Amino acid sequence: MYYDPIKKSLGEVFNRTPLLRRLFYHLLDLLLLRTWHVHRELRQWYRGRTNEPLNILDAGSGYGQYTYWLSGLSRKWQILAVDVKDEQVADSNRFFREIGRVNAQFAVQDLVLYQQPNAFDLALSVDVMEHILEDVEVFRNIHASLKDGGMLLISTPSDQGGSDVHSDGETSFIEEHVRDGYNIHEIQQKLRTAGFERIEARYSYGEPGQVSWRLSMKYPILMLGKSKLFFLLLPFYYLLTFPFCLILNWFDANTEHQSGTGLIVKAWK
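Per our numbering, residue 13 is the first one in the sequence shown, and the count goes up by one each step.
Shown next, in the form of structure tokens:
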């Protein structure tokens with residue numbers, strides 16, 4: 013299934029007013045399990061640093077929900093959010109200007125080519141690398157763009173069923189993916205090849221997370237892929253499933269997993 017048309021439809025709905033877009037971000041924070049894991053890691057990173065003037069790269073910003081969250085934590089942080097999609101970048105810049113978030117800027121950039129040497133204290137790449145074939149080139153560019161001691165945080169599907177692929181004969185649930193998922197050792201080796209020395213990787217989307225993902229994301233996306241009329245049914249669907257998803261997300265984000273369909277990777281320059 014192609015996910016981009018559904019994302020575009022969602023954007024058209026929630027871009028109508030700043031209030032709707034804020035609501036959209038908060039819903040994503042609650043529903044998307046990867047957000048629970050990413051926020052957990054970011055809280056550890058920024059503890060005691062909200063008064064420091066830091067530079068952050070949101071590498072593959074999408075809707076901009078992580079830039080929104082980070083830009084609200086400290087006015088002293090400067091965030092550059094880059095993406096290849098002109099329309100999303102334009103929408104995000106317009107929204108951030110409307111709400112007065114002057115410490116965040118969006119720009120159209122290709123991560124395979126983009127490099128800004130020794131510029132950032134943190135780089136964030138959330139569900140991006142599974143869309144890019146030239147991943148080592150991206151890792152090299154981010155490594156060069158980080159300051160000494162800077163950290164790269166990655167969320168991406170694993171090869172343990174990421175992209176909903178569980179056997180050699182299956183294809184990715186999201187057809188925009190160029191790989192079904194990373195082996196945990198493979199991605200660490202690629203990061204070392206790019207120049208990173210200290211790397212930590214762990215699984216996300218264990219058993220609780222996989223159930224939550226199906227309830228909160230897979231089934232609604234399948235419905236929306238059939239017809240936009242399912243937009244009308246979504247509030248009633250989530251009214252029933254939302255409490256269960258919250259509980260499952262909490263358990264997944266606060267449990268160590270021996271395997272999982274997602275990976276959370278941290279790498280330091």
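Glycine included, each C-beta is placed from N, C-alpha and C at the ideal position.
It should be emphasised that the depicted structure is a prediction, and the values quoted were computed from it without experimental measurement.
Short Cβ contact (8 Å threshold) for residue i with residue j
{"i": "Ser86", "j": "Thr62", "result": "yes"}
{"i": "Trp280", "j": "Arg204", "result": "no"}
{"i": "Lys50", "j": "Ser167", "result": "The identity of residue 50 in the sequence shown is Val, whereas the question assumes Lys. Cβ atoms of Val50 and Ser167: closer than 8 Å."}
{"i": "Ser216", "j": "Leu275", "result": "yes"}
{"i": "Ile94", "j": "His143", "result": "For the sequence presented, residue 94 should be read as Val rather than Ile. Contact: no."}
{"i": "Val120", "j": "Val101", "result": "yes"}
{"i": "Cys257", "j": "Leu40", "result": "no"}
{"i": "Arg113", "j": "Ser73", "result": "no"}
{"i": "Asp264", "j": "Leu45", "result": "yes"}
Cβ neighbours of residue i in the same chain (closer than 6 Å, five flanking residues each side left out)
{"i": "Phe223", "result": "Sequence inspection shows Val at residue 223; the Phe mentioned does not correspond to that position. Here the set comprises Leu260."}
{"i": "Tyr80", "result": "Tyr37"}
{"i": "Ala116", "result": "Thr79, Ser83, Ile91 and Phe108"}
{"i": "Lys88", "result": "Pro65"}
{"i": "Pro129", "result": "Ala156"}
{"i": "Phe118", "result": "Ala93, Val101, Ser104 and Asn105"}
{"i": "Pro247", "result": "none"}
Residue i beta carbon near the ligand SAM (any heavy atom closer than 7 Å)
{"i": "Tyr58", "result": "This structure lacks the ligand SAM; in fact it carries no ligand of any kind."}
Residues near residue i by beta carbon distance below 8 Å, same chain, minus five either side
{"i": "Lys278", "result": "Glu53, Met163, Leu164, Leu165, Ile166, Ile211, Glu212 and Ala213"}
{"i": "Ile111", "result": "Pro30 and Arg34"}
{"i": "Phe208", "result": "Phe151, His155, Leu164, Ala279, Trp280 and Lys281"}
{"i": "Trp262", "result": "Trp48"}
Residues of its chain near residue i, where Cβ-Cβ distance is below 7 Å and the 5 sequence neighbours each way are ignored
{"i": "Ile199", "result": "Ala213, Leu275 and Val277"}
{"i": "Lys202", "result": "Asp147, Val148 and Phe151"}
{"i": "Ala206", "result": "Val148, Phe151, Arg152 and His155"}
{"i": "Asp122", "result": "Val96"}
{"i": "Gly173", "result": "Thr273"}
{"i": "Gly218", "result": "Asp264, Thr267, His269 and Gly272"}
{"i": "His178", "result": "With a pLDDT of 46 at His178, under the threshold of 50, the modelled position of that residue is not reliable, and the figure given next carries that caveat. Closer than 7 Å at Cβ, skipping near neighbours: no residue."}
{"i": "Lys238", "result": "none"}
Nearest residue (CA-CA) to residue i, options the options
{"i": "Leu158", "options": "Ala265, Met235 and Leu92", "result": "Leu92"}
{"i": "Thr267", "options": "Val124, Gln90, Pro220 and Asn195", "result": "Pro220"}
{"i": "Tyr250", "options": "Ala265, Tyr231 and Glu99", "result": "Tyr231"}
{"i": "Tyr126", "options": "Val96, Asn115 and Ala116", "result": "Val96"}
{"i": "Glu292", "options": "Tyr75, Gln172 and Lys88", "result": "Here the chain has residues from 13 to 281 only, and residue 292 is not among them."}
{"i": "Leu32", "options": "Gln77, Gln56 and Arg55", "result": "Gln77"}
{"i": "Trp57", "options": "Phe118, Pro129 and Gly161", "result": "Gly161"}
{"i": "Trp225", "options": "Thr253, Asn130 and Ala131", "result": "Thr253"}
Inset, instruction - Please list the segments of the beta strand (DSSP E) lying wholly inside the segment 51-88, counting only runs of 3 or more residues, in order along the chain. - result: 67-71
Inset, instruction - Decide if the segment 57-72 is in contact with the segment 25-41; the criterion is three or more beta carbon pairs, one per stretch, under 8 Å apart. - result: no
Legend entry - Runs of beta strand (DSSP E) lying entirely within the segment 111-160, each at least 3 residues, in chain order: 116-120 and 132-138
Legend entry - Touching by the beta-carbon criterion (3+ pairs, under 8 Å), the segment 234-248 and the segment 267-279: No, the segment 234-248 does not touch the segment 267-279.
Inset, instruction - Say whether the segment 66-84 touches the segment 123-142, bearing in mind that this needs 3 or more beta-carbon pairs closer than 8 Å, one atom from each stretch. - result: yes
Inset, instruction - Tell me, please, whether the segment 94-105 touches the segment 144-161 by the rule of three or more beta-carbon pairs shorter than 8 Å. - result: no
Legend entry - Entirely enclosed beta strand (DSSP E) segments - the segment 197-246, minimum 3 residues: 210-216
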